[in-house]
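Remarks on the structure that follows.
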Amino acid sequence: MRSYALRRVINLSVHLVCVAATLVALVPLALVLYHVAVQGVHALSIDFLTGLPRPVGEAGGGMANAIVGTFTLLGLAALFGIPTGVLAGVFLAEFDDARLARWVRLAADVMAGVPSITVGLFVYSVVVVTTGTFSAVAGGVALAVLMLPTITRTTEELVRLVPSVHREAALGLGLARWRAVVFVVLRAAAPGIATGVMLSIARIAGETAPLLFTSLNNQHWAGGVLEPTASLPVMIYTYAVSPYEVMHQQAWSAALVLVLLVLALDVAARLLVRYRSGRAS
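Here the sequence shown is numbered in our numbering, starting from 1 and rising by one per residue.
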């Protein structure tokens, strides 16, 4: 009896410690979100979302070009990074015995720990110097390199989770191996892969350092993807270090918009996970 009571006490104690640790971990996140919301809501307006930046020191203006530029950069990063990452993940899962697979897996793990500013310098030397101009394409390439490891490893794990009977059934029906992988295996793993893609995009949405070396900035609308392009992270950095209070307020508002964008991507990823769990059950 004493042993049972002791186990209950220990179980309750560990449970309380876990709950306390969770609350401690959530406090910094809650404080950051609260502070950004309180500081950023003052300058947030329709003009801020639809207008262009005004001259230095002048009140008003907005960051519509930076908002559109952020979506442009994320779209280019997705265009460059998603197909490459998914195909690399499929290769690692389906051809695990290949010698090249070990090197690809090692490269993905190493790339996951490379500082983003290093990636920015690399893309600057390869793309910007070669083309002779900062551009949205260069920024998209830099962000794609940052998201590649996450997509690759996520795709590999999710493709491995697909039961082998799916592959055997497809092959037994006479499908070629590549058709079995594309139309059966990838289709079964698609919701989970989409979740990993969403999280990888949310991860790169706030990157600033690589964009300083690639897309740079633009106070006006970009004429195309081969021209310097504004983005919310770079505008936040530029406005935050300026000596003008009006710019500081707009930097907080831009930070709030960026946080809401990342939050929307995270919520979408959660909904995809729930949808996948519901379909599986």
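Don't be surprised by glycine CBs; every beta carbon is placed ideally from N, CA and C.
{"Check": "Put threonine 55 into one of helix, strand or coil per three-state DSSP.", "Outcome": "One point to set straight first is that residue 55 is proline, not threonine, in the sequence displayed. Coil at proline 55, not helix or strand."}
{"Check": "Glutamate 227: which of Thr131, Ile67, Ser164, Leu92 sits nearest, CA to CA?", "Outcome": "Thr131"}
{"Check": "In whole angstroms, what is the alpha-carbon distance linking alanine 93 and threonine 150?", "Outcome": "15 angstroms"}
{"Check": "If we count the other Cβ atoms within 10 Å of its Cβ and call it buried at 16 or more, is threonine 50 buried or exposed?", "Outcome": "exposed"}
{"Check": "Take isoleucine 204 as the anchor and find which of Gly81, Ala64, Arg160 has the nearest alpha-carbon.", "Outcome": "Gly81"}
{"Check": "Which residue wins for smallest C-alpha separation from phenylalanine 91, given the options Asn65, Phe122, Val159?", "Outcome": "Val159"}
{"Check": "How long is the line joining the alpha carbons of threonine 155 and valine 184, rounded to whole angstroms?", "Outcome": "14 angstroms"}
{"Check": "May I ask which residues mark the beginning and end of the alpha helix (DSSP H) holding asparagine 217?", "Outcome": "Looking at the DSSP string, asparagine 217 is not in any alpha helix (DSSP H), and its letter there is neither H nor E."}
{"Check": "Would you mind reading off the limits of the alpha helix (DSSP H) that contains glutamate 168?", "Outcome": "164-172"}
{"Check": "Quick one: residues in its chain with C-beta nearer than 7 angstroms to the C-beta of glycine 61, no 5 flanking neighbours on either side, listed in chain order?", "Outcome": "Gly51, Leu52, Pro53, Arg54"}
{"Check": "By the three-class DSSP mapping on this structure, what secondary structure does threonine 229 have?", "Outcome": "coil"}
{"Check": "Could you check if leucine 79 is buried or exposed, using at least 16 other CB atoms within 10 Å of its CB as the buried criterion?", "Outcome": "exposed"}
{"Check": "Can you give the beta carbon distance from threonine 22 to glycine 89, rounded, assuming they're within the 8 angstroms contact cut?", "Outcome": "That belief does not hold up - the Cβ atoms of threonine 22 and glycine 89 are roughly 31 angstroms apart, past 8 angstroms."}
{"Check": "Run through DSSP, which three-state label would phenylalanine 95 get?", "Outcome": "coil"}
{"Check": "Counting along the chain, where does the alpha helix (DSSP H) carrying methionine 147 start and finish?", "Outcome": "136-161"}
{"Check": "Spatial neighbours of tryptophan 221 within its chain, please: CB distance less than 7 angstroms, with the 5 preceding and 5 following residues excluded, ordered by chain position.", "Outcome": "Asn65"}
{"Check": "Can you list, in chain order, the residues of its chain whose CB lies under 8 angstroms from that of valine 119, leaving out five sequence neighbours each side?", "Outcome": "Ala142, Val145, Leu146, Pro210"}
{"Check": "Whole angstroms is fine: what's the gap from valine 267's alpha carbon to leucine 76's?", "Outcome": "22 angstroms"}
{"Check": "For a test of the three-state rule: what should DSSP assign to valine 241, helix, strand or coil?", "Outcome": "coil"}
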